[in-house]
Amino acid sequence: MHSFTIRDIENLTGIKAHTLRIWEQRYGLCPARRRDSNHRFYDNDDLKRILRVNVLYKQGFKISRIAAMEDEEILGAISRLNGSDQYESVINQLIECSIDFEETRFNMIVHRVIAHMGLEKSLRYVLFPFLERIGLLWLTNHVIPAQEHFVSYLIQKKIITAIDGLDQPTPKENTNVLLFTPEGEEHEIPLLLTHYLLKKNGIPSVYFGKNVSVESLKTYCEQKKISHLYLHVLTHFSEGSLEEYLRKLCATFPDIQIVMAGEPATQIDFSLPNLRTISREEIPVFAGNPGI
-7 MHSFTIRDIE NLTGIKAHTL RIWEQRYGLC PARRRDSNHR FYDNDDLKRI
43 LRVNVLYKQG FKISRIAAME DEEILGAISR LNGSDQYESV INQLIECSID
93 FEETRFNMIV HRVIAHMGLE KSLRYVLFPF LERIGLLWLT NHVIPAQEHF
143 VSYLIQKKII TAIDGLDQPT PKENTNVLLF TPEGEEHEIP LLLTHYLLKK
193 NGIPSVYFGK NVSVESLKTY CEQKKISHLY LHVLTHFSEG SLEEYLRKLC
243 ATFPDIQIVM AGEPATQIDF SLPNLRTISR EEIPVFAGNP GI
């Protein structure tokens, strides 16, 4: 059982701390618990209820009406939401599952979302936002690494299954993309998505996965023809070490196009002859035509 501060709840839901206090004082809704020191905190069950209340609140339900509803009524109202209204609901359900390690329910929800929306839209509108929320919990030490690994592994399995279901691209003379994350970068889901998009678009690619050394890349590239090295970075590098790493990478592979994606790519303020940086939004364009 975890405990969350009112600030944690604010970060997760976007509901301001003073709003939560007003709800509690006026409507008796989602009351905080108290430590011996009289400091407020919320437990797992409190977080789940607030997440559900937030879904209805964002869809225009008056807070007085929500406060009068039983838990089953709240769940029923959420289940009747349609279209894009369901994104927030699904994200919150996935957070609930991850907190309590509910693998069966987590898989069922993800399977249903992918079946309804397709993999790409599911990742864009549900799974990536969900992982960002989980990241907030982890940064505040309220989701342990085991929980992040738990949900990441389940999502990875879905993407890998989708990749395996695609036809193998026809080899191309001038295009072959090698995908990897650098040593120390453990976040693999964005890389898997790019691999899926490349294969879907008929672009030959080689998947090396996470935590790959420059020497391993060099060994492969000395024996196989590679046109692009594609790396996705989320958290591993500081600004200085990232520039140093990229300069080494470009110097080691001067005849190969280096393509970097991820949040740090948007912060780069230097240029190298064979380096290209792209935003997350540009990944589908690159995957459709790496040569542009």
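Residues -7 to 284 in the working numbering are what the sequence shown lists, from first letter to last. Note that the Cβ used here is the ideal one computed from N, Cα and C, for glycine as well.
| Excluding five sequence neighbours on each side, which residues of the same chain lie with their C-beta closer than 8 Å to the C-beta of Asn46? | Thr5, Gly6, Ile7, Glu80, Asn84
| task | Sort out for me which residues DSSP pairs Met252 with in a bridge. | result | Leu223, Thr269
| Beta-carbon spacing of Ile147, Leu119 below 8 Å | yes
| query | Should Ser144 and Ile181 be called a contact, given that it needs their Cβ atoms to be closer than 8 Å? | reply | yes
| query | Among Thr96, Arg57, Asn30, Lys164, which residue has its Cα nearest to the Cα of Tyr19? | reply | Arg57
| His224 beta carbon less than 8 Å from that of Ala253 | yes
| said: Rounded to whole angstroms, what is the Cα-Cα separation between Ala138 and Ile91? | reply: 10 Å
| Residue closest to Pro196, alpha-carbon to alpha-carbon, out of Asn203, Ile42, Lys216 | Lys216
| request: State the Cα-Cα distance for the pair Asn30 and Pro23, rounded to the nearest angstrom. | output: 13 Å
| Shortest alpha-carbon distance to Pro174 belongs to which of Asp261, Ala69, Tyr199? | Tyr199
| request: Go through its chain and collect everything with a Cβ distance to Ile270's Cβ below 6 Å, but skip five positions before and after it. | output: Ala253, Phe278
| message | Output needed for Pro287: all residues of its chain with C-beta closer than 7 Å, excluding positions within five of it in sequence on either side, in chain order. | response | A question about residue 287 goes unanswered here, because the residues of the chain that appear run from -7 up to 284.
| task | Leaving out five residues on either side along the sequence, give the residues of the same chain with a beta carbon under 6 Å from the beta carbon of Val204. | result | Phe172
| task | Using the Cα positions of Leu338 and Gln17, report the straight-line distance between them to the nearest angstrom. | result | With the chain covering only -7 through 284, there is no way to say anything about residue 338.
| said: Using CA atoms only, rank isn't needed, just tell me which of Arg44, Arg268, Gln51, Leu12 is closest to Arg32. | reply: Leu12
| message | Please tell me whether Phe245 and Cys213 are closer than 8 Å, where the distance is taken between their beta carbons. | response | yes
| Would DSSP call Leu120 helix, strand or coil? | The sequence shown places Phe at residue 120, rather than the Leu named in the question. Phe120: helix per DSSP, three-state reduction.
| field | Cβ-based burial, Leu131 [other Cβ within 10 Å; buried from 16] | value | Legend: pLDDT at Leu131 = 47, less than 50; position of this residue unreliable, value from coordinates given subsequently. It is exposed - the Cβ of Leu131 has fewer than 16 other Cβ atoms within 10 Å.
| DSSP state of Arg27, grouped into three classes? | coil
| field | CB of Gln259 within 8 Å of CB of His220, strictly | value | no
| Reduced DSSP secondary structure (H/G/I, E/B, other) of Asn203 | strand
| message | Tell me which residue opens and which closes the beta strand (DSSP E) that Phe172 is part of. | response | 169 to 174
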